[in-house]
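Per this note's numbering, residue 30 is the first one in the sequence shown, and the count goes up by one each step. Notes to accompany the following structure.
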Amino acid sequence: MSVLIYVESNGSEIKKSSHDAVSYGVQVASKLGGTATVIAVGDIPQEQLIALGNFGATSVLNVTGGAFNQSNPSATAAAVIEAAKKVGAKVVVLPKSTLVDSIASKVASQLKAGVVTNVTELPETSSGFQVKRSIFTGKAFATVTINSDIKVITLAKNAYQGTETGGKATVEVLALSLTDSDTKVKTTNVEKMTGELLLTEAEIVVSGGRGFKGPENWGLLLDLAKALGAATGCSKPVSDMDWRPHHEHVGQTGVKVAPNLYIAIGISGAIQHLAGVNSSKCIVVINKDPEAPFFKAADYGIVGDLFEVLPKLTEAAKLLK
Ligand SMILES: Cc1cc2nc3c(=O)[nH]c(=O)nc-3n(C[C@H](O)[C@H](O)[C@H](O)COP(=O)(O)OP(=O)(O)OC[C@H]3O[C@@H](n4cnc5c(N)ncnc54)[C@H](O)[C@@H]3O)c2cc1C
């Protein structure tokens with residue numbers, strides 16, 4: 030039984046979530062006694078495609094040129110559909126991303142497949158095909174059976190850790206021409222942030238709230254983030270007051286993150302903030318108020334003044350490195 034895995038890059042490198050998806054898809058194929066093929070869309074360096082073998086992939090199809098290089102949803106969906114037909118895929122695995130959110134249902138509808146999003150574990154295949162998915166912004170799980178012949182699943186971020194196995198994949202160009210309906214929208218300009226770790230991809234996120242009193246104190250948070258190799262986030266009021274840029278705002282109305290470690294500093298833990306972080310594997314809260322609601326969602330907590338705790342924590346993190 031053939032499994033197709035879609036991978037995407039952030040413009041220069043294949044994303045960690047795609048590496049996780051490759052490991053996941055290879056495991057699904059092994060459970061089903063089948064083969065796994067990767068479809069990579071866009072101009073991704075050859076050595077990175079070959080290195081997907083390190084996550085268990087043996088065969089990679091690559092579609093490049095024109096709209097395929099532009100993260101164009103219609104063109105990407107067309108490439109995934111064509112690749113799925115070529116390899117006779119019975120399962121299509123897509124790593125959750127903004128682009129994947131917009132193409133998963135199109136891919137499923139064209140392949141007449143059932144689609145399940147935000148999957149967190151390998152499928153149970155002893156009787157039928159059941160997957161567990163995260164629902165209610167990570168507060169609950171649902172077990173879903175997919176009954177269609179072809180199945181499309183999107184893998185939740187950081188739900189499955191890619192394992193490096195060693196090995197090299199063979200890369201084949203998949204020649205594909207586009208119809209007018211594949212190129213109805215065209216990206217005319219991309220402005221990239223440089224030098225920052227992507228919040229949604231980071232393994233560790235250090236996030237700050239109004240407890241910092243003002244933007245002039247943010248250096249304390251940045252120092253800790255640097256020592257830990259973490260991305261930085263903030264609560265909504267912090268970005269509303271322009272202490273930090275809006276793309277760092279985490280929560281119900283901001284970015285949803287699922288890192289292995291989320292460190293919340295001087296954030297009260299309002300339900301709207303928790304909605305964006307409760308899929309994190311481990312939550313550490315630093316707050317001077319022992320009654321702060323965030324402590325109820327925390328795995329570890331420090332009751333203390335952030336201005337005293339952070340310099341010590343940063344020093345300890347530097348020593349660990
Ligand atoms: C529709 C709607 C959507 C929303 N969406 C979001 C969202 O997406 N994300 C979000 O974050 N918020 C959102 N909010 C706002 C949310 O309700 C809270 O108001 C907000 O999260 C509070 O931010 P805060 O914790 O930084 O500030 P505060 O609530 O002011 O908390 C500051 C915390 O810092 C602690 N503190 C103060 N000084 C120190 C110190 N020296 N050392 C240690 N701790 C200290 C305090 O004890 C307190 O717990 C939304 C609200 C609404 C109504």
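A virtual CB, placed ideally from N, CA and C, is assigned to each residue, including glycine. Predicted model, so just to flag it, every value in this text is computed and none were measured.
Taking the alpha-carbon of residue i as reference, which of the options has the nearest alpha-carbon?
{"i": "residue 172", "options": "85, 162, 178 and 254", "result": "162"}
{"i": "residue 74", "options": "269, 36, 307 and 267", "result": "36"}
{"i": "residue 283", "options": "298, 263 and 291", "result": "263"}
{"i": "residue 200", "options": "115, 298, 159 and 92", "result": "92"}
{"i": "residue 278", "options": "108, 306 and 331", "result": "306"}
{"i": "residue 105", "options": "178, 38, 118 and 63", "result": "38"}
{"i": "residue 310", "options": "329, 287 and 114", "result": "287"}
{"i": "residue 57", "options": "207, 160, 217 and 126", "result": "160"}
{"i": "residue 179", "options": "30, 266 and 292", "result": "30"}
{"i": "residue 117", "options": "94, 191, 281 and 34", "result": "34"}
Rounded to whole angstroms, what's the CA-CA distance from residue i to residue j? Just pull it up for me.
{"i": "residue 236", "j": "residue 78", "result": "34 angstroms"}
{"i": "residue 59", "j": "residue 154", "result": "11 angstroms"}
{"i": "residue 124", "j": "residue 132", "result": "11 angstroms"}
{"i": "residue 195", "j": "residue 289", "result": "24 angstroms"}
{"i": "residue 51", "j": "residue 45", "result": "10 angstroms"}
{"i": "residue 97", "j": "residue 71", "result": "5 angstroms"}
{"i": "residue 247", "j": "residue 241", "result": "7 angstroms"}
{"i": "residue 337", "j": "residue 294", "result": "12 angstroms"}
{"i": "residue 164", "j": "residue 299", "result": "19 angstroms"}
{"i": "residue 110", "j": "residue 185", "result": "21 angstroms"}
{"i": "residue 187", "j": "residue 244", "result": "30 angstroms"}
{"i": "residue 292", "j": "residue 315", "result": "8 angstroms"}
{"i": "residue 344", "j": "residue 252", "result": "9 angstroms"}
{"i": "residue 174", "j": "residue 266", "result": "41 angstroms"}
{"i": "residue 108", "j": "residue 181", "result": "15 angstroms"}
Please name the residue or residues paired with residue i in a DSSP beta bridge.
{"i": "residue 60", "result": "Per DSSP, none; premise fails for residue 60."}
{"i": "residue 278", "result": "263"}
{"i": "residue 139", "result": "Residue 139 is not bridged to any residue."}
{"i": "residue 168", "result": "Residue 168 is not bridged to any residue."}
{"i": "residue 161", "result": "172"}
{"i": "residue 69", "result": "36 and 91"}
If I'm right that residue i touches residue j with Cβ under 8 angstroms, what's the distance once you round it to whole angstroms?
{"i": "residue 297", "j": "residue 213", "result": "Wrong, their Cβ atoms sit about 45 angstroms apart, outside the cutoff."}
{"i": "residue 112", "j": "residue 90", "result": "5 angstroms"}
The region 253-261 / the region 228-235 touching (three or more Cβ pairs under 8 angstroms): yes
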